[in-house]
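Protein chains in written order, with this note's numbering: chain A, 34 to 407; chain B, 10 to 94.
Glycine is no exception: its CB is placed at the ideal position from the N, C-alpha and C atoms.
Predicted model, so just to flag it, every value in this text is computed and none were measured.
All remarks here apply to the structure that follows.
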Amino acid sequence: MKFLDEYRDSRIALALAKEIAERTTKPWVLMEICGGQTHTIMRYGLDELLPNHIELVHGPGCPVCVTPLETIDKAIALALRPEVILVSYGDMLRVPGSNSDLFRAKAQGADVRIAYSPMEAVKIARANPDRKVVFLAIGFETTAPANAMAAWQAKREGLTNLSLLVSHVLVPPAIRALLATAENRVQGFIAPGHVCTIMGYSEYEGLVRDFNLPIVVGGFEPVDLLEAVLMLVKQLELGETRVENQYVRSVTYKGNERAQEIMREVFEIADQKWRGIGMIPRSGLRLSKAYAAYDANLIFDLELISAEEPAECISALVLQGLKKPTDCTAFAIRCTPENPLGAPMVSAEGACAAYYHYRRHAIANTAPKIAVGS
Amino acid sequence: MCLAIPGKVVSIEYSNGMRVGRVEFGGIVRQASLDFVPEAQIGDYVMVHVGFAISLVDAEEAERTYQLLEEIGALEGELPPEGSG
């Protein structure tokens with residue numbers, strides 16, 4: 034496919050890896066924010082192409098993974114009501130809540146429907162005027178304008194049986210929170226290319242200024258990510274700190290202003306809880322007052338459920354880049370995509386799932402060798 | 010979740026007040042809203058995420074970047090393999 038295959042060209046990838054190795058004189062710790070980028074890195078083994086002293090740590094950019102446990106529990110509770118049709122992105126169905134997940138609720142008879150686009154929720158609401166349709170609106174800035182359009186369209190059509198259970202997160206406040214922790218080791222960031230396609234990258238200039246480190250907006254193909262690493266290494270080796278844009282074919286400085294406009298009309302910035310991380314000030318979106326009639330939290334009498342993560346799950350540390358999935362004692366043994374302890378093992382973009390799909394055999398193969406040698 | 014795929018706009022129509030395109034991804038055609046890319050025309054490439062085109066692919070930029078990269082890659086291909094000397 035055009036604009037895709039050429040960015041998977043192994044000759045270019047190898048040449049970039051070679052140039053990165055030539056330019057690197059010191060150890061550097063880099064973080065990719067987006068789970069889609071983590072997935073590409075693991076799938077193509079990009080981390081293994083890089084010199085040993087460049088460490089890639091994986092960020093919290095998997096919206097499925099950071100959706101609070103309470104929101105999943107609310108979605109399950111709503112789905113089990115006979116009058117409700119719960120519409121969700123497919124990734125959310127296996128995410129463990131406190132006691133169940135949406136998939137199990139569906140097996141118990143709940144009307145849970147998988148949507149590829151938020152507009153399908155509008156369609157379902159239109160076709161089922163006697164039912165209450167709830168759309169589980171999750172995502173980063175990339176998805177927010179599309180989810181906003183569902184509410185906007187419902188309002189325009191006067192649909193009264195559609196509401197949104199919103200769990201929207203924003204990237205720059207999360208980067209800020211990570212950088213402000215005492216444990217932070219990250220020296221350069223690959224910013225998420227599709228979030229920046231919507232938002233542009235002016236917001237990242239403040240982070241560069243405040244924390245004195247380089248940020249490169251990166252794409253999602255192997256060549257994109259290696260080029261982004263090279264751009265970061267060049268800056269780091271020269272002691273420079275700027276925002277640069279590797280993903281020029283999709284990202285402009287100002288982003289998609291039309292999409293930002295609809296986001297601003299439907300949503301407003303709010304404090305947001307991130308699963309595994311906790312509350313981050315002004316790091317999420319909720320429906321604005323003008324759209325209160327579409328807020329599932331206000332329409333339904335939802336009890337405030339507070340829930341605890343399984344003690345064995347170290348996803349909080351994985352999501353902050355402080356631990357690798359393979360550091361977890363439950364990894365691939367008591368925690369698998371079929372029976373996940375935590376959300377990062379569920380979503381295809383979760384760091385634990387990426388390691389499970391692409392690395393568990395490599396890890397299994399090295400383990401006996403160490404045992405024999407020692 | 011933040012996946013977006015480049016596809017070519019093959020036709021444009023209006024449905025429920027929204028500007029909708031039929032977009033081709035390597036032979037597969039899907040509908041996508043063009044509301045966020047009002048400038049998109051038939052033949053343009055757009056990045057599509059959850060049924061919405063979120064950007065118009067800057068073909069010129071893509072070409073320029075790709076050529077720069079191709080030069081490094083091509084150069085690499087011309088070098089003798091390691092240890093062949």
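From the options, pick the residue whose C-alpha is nearest to that of residue i; which is it?
{"i": "residue 362 of chain A", "options": "A/279, A/346, A/221, A/176", "result": "A/346"}
{"i": "residue 281 of chain A", "options": "B/44, B/67, B/12", "result": "B/67"}
{"i": "residue 52 of chain A", "options": "A/292, A/264, A/253", "result": "A/264"}
{"i": "residue 60 of chain B", "options": "A/178, A/92, A/224, A/324", "result": "A/178"}
{"i": "residue 74 of chain A", "options": "A/384, A/393, A/394", "result": "A/384"}
{"i": "residue 186 of chain A", "options": "A/318, A/299, A/378", "result": "A/299"}
{"i": "residue 415 of chain A", "options": "A/62, A/209, A/132, A/258", "result": "Residue 415 of chain A lies beyond the stretch modelled for chain A, which goes from 34 to 407, so this question has no answer here."}
{"i": "residue 124 of chain A", "options": "A/132, A/47, A/146, A/154", "result": "A/146"}
{"i": "residue 212 of chain A", "options": "A/355, A/191, A/96", "result": "A/355"}
{"i": "residue 196 of chain A", "options": "A/170, A/214, A/203", "result": "A/170"}
{"i": "residue 135 of chain A", "options": "A/148, A/119, A/368", "result": "A/119"}
{"i": "residue 140 of chain A", "options": "A/154, A/39, A/113, A/129", "result": "A/113"}
{"i": "residue 335 of chain A", "options": "A/109, A/151, A/273, A/270", "result": "A/109"}
{"i": "residue 83 of chain A", "options": "A/144, A/258, A/227, A/190", "result": "A/258"}
{"i": "residue 279 of chain A", "options": "A/116, A/81, A/260, A/122", "result": "A/260"}
{"i": "residue 152 of chain A", "options": "B/15, B/12, B/29", "result": "B/29"}
{"i": "residue 305 of chain A", "options": "A/318, A/295, A/294, A/296", "result": "A/318"}
{"i": "residue 159 of chain A", "options": "A/214, A/191, A/204, A/326", "result": "A/191"}
{"i": "residue 216 of chain A", "options": "A/342, A/286, A/62", "result": "A/62"}
{"i": "residue 44 of chain B", "options": "A/309, A/331, A/292, A/359", "result": "A/292"}
What is the C-beta distance between residue i and residue j, in whole angstroms, given that I count them as a contact (C-beta under 8 angstroms)?
{"i": "residue 352 of chain A", "j": "residue 98 of chain A", "result": "6 angstroms"}
{"i": "residue 247 of chain A", "j": "residue 275 of chain A", "result": "6 angstroms"}
{"i": "residue 54 of chain B", "j": "residue 35 of chain A", "result": "7 angstroms"}
{"i": "residue 202 of chain A", "j": "residue 173 of chain A", "result": "6 angstroms"}
{"i": "residue 10 of chain B", "j": "residue 206 of chain A", "result": "Not really, about 18 angstroms apart at Cβ, beyond 8 angstroms."}
{"i": "residue 69 of chain A", "j": "residue 253 of chain A", "result": "5 angstroms"}
Does the Cβ of residue i have 16 or more other Cβ atoms within 10 Å, making it buried, or fewer, making it exposed?
{"i": "residue 322 of chain A", "result": "exposed"}
{"i": "residue 17 of chain B", "result": "buried"}
{"i": "residue 85 of chain A", "result": "exposed"}
{"i": "residue 404 of chain A", "result": "Confidence is the limiting factor: at residue 404 of chain A the pLDDT is only 40, short of 50, which leaves the residue's position unreliable and the question unanswerable from this model."}
{"i": "residue 225 of chain A", "result": "buried"}
{"i": "residue 312 of chain A", "result": "exposed"}
{"i": "residue 400 of chain A", "result": "Any reading at residue 400 of chain A is ruled out, since the residue's pLDDT is 48, under 50, leaving its predicted position unreliable."}
{"i": "residue 94 of chain A", "result": "buried"}
{"i": "residue 394 of chain A", "result": "exposed"}
{"i": "residue 389 of chain A", "result": "buried"}
{"i": "residue 72 of chain A", "result": "buried"}
{"i": "residue 24 of chain B", "result": "exposed"}
{"i": "residue 407 of chain A", "result": "At residue 407 of chain A, the pLDDT of 34 sits below 50, so the modelled position is not reliable; the number obtained from the coordinates is stated separately. Counting Cβ neighbours within 10 Å, residue 407 of chain A comes out exposed, since fewer than 16 surround it."}
{"i": "residue 329 of chain A", "result": "buried"}
{"i": "residue 163 of chain A", "result": "exposed"}
{"i": "residue 234 of chain A", "result": "buried"}
{"i": "residue 175 of chain A", "result": "buried"}
{"i": "residue 255 of chain A", "result": "buried"}
{"i": "residue 35 of chain B", "result": "exposed"}
{"i": "residue 20 of chain B", "result": "exposed"}
{"i": "residue 251 of chain A", "result": "buried"}
{"i": "residue 157 of chain A", "result": "buried"}
{"i": "residue 392 of chain A", "result": "buried"}
{"i": "residue 115 of chain A", "result": "exposed"}
{"i": "residue 327 of chain A", "result": "buried"}
{"i": "residue 45 of chain A", "result": "buried"}
{"i": "residue 360 of chain A", "result": "exposed"}
{"i": "residue 272 of chain A", "result": "exposed"}
{"i": "residue 308 of chain A", "result": "buried"}
{"i": "residue 77 of chain B", "result": "exposed"}
{"i": "residue 199 of chain A", "result": "buried"}
{"i": "residue 100 of chain A", "result": "buried"}
{"i": "residue 93 of chain B", "result": "With a pLDDT of 44 at residue 93 of chain B, under the threshold of 50, the predicted position of this residue should be treated as unreliable, though the coordinate-derived value follows. Under this definition residue 93 of chain B is an exposed residue."}
{"i": "residue 358 of chain A", "result": "buried"}
{"i": "residue 38 of chain A", "result": "exposed"}
{"i": "residue 387 of chain A", "result": "buried"}
Since residue i sits in a beta bridge, which residues does DSSP pair it with?
{"i": "residue 394 of chain A", "result": "Partner(s): none; residue 394 of chain A has no beta bridge."}
{"i": "residue 199 of chain A", "result": "A/170"}
{"i": "residue 62 of chain B", "result": "B/57"}
{"i": "residue 313 of chain A", "result": "A/305"}
{"i": "residue 15 of chain B", "result": "B/56"}
{"i": "residue 222 of chain A", "result": "A/64, A/248"}
{"i": "residue 165 of chain A", "result": "A/117"}
{"i": "residue 318 of chain A", "result": "A/201, A/302"}
{"i": "residue 98 of chain A", "result": "Residue 98 of chain A pairs with nothing; no bridge assigned."}
{"i": "residue 147 of chain A", "result": "A/121"}
{"i": "residue 88 of chain A", "result": "A/62"}
Quick one: is the Cβ of residue i within less than 7 angstroms of any heavy atom of the ligand ATP?
{"i": "residue 142 of chain A", "result": "Absence of the ligand ATP is noted for the structure shown, with no ligands found whatsoever."}
Practice item. Could you tell me whether the segment 161–181 of chain A touches the segment 42–61 of chain B, where touching means 3 or more Cβ pairs closer than 8 angstroms? Key: yes
Check your understanding: With contact counted as at least three CB pairs below 8 angstroms, one residue from each stretch, are the segment 369–388 of chain A and the segment 48–62 of chain A in contact?
Key -> no
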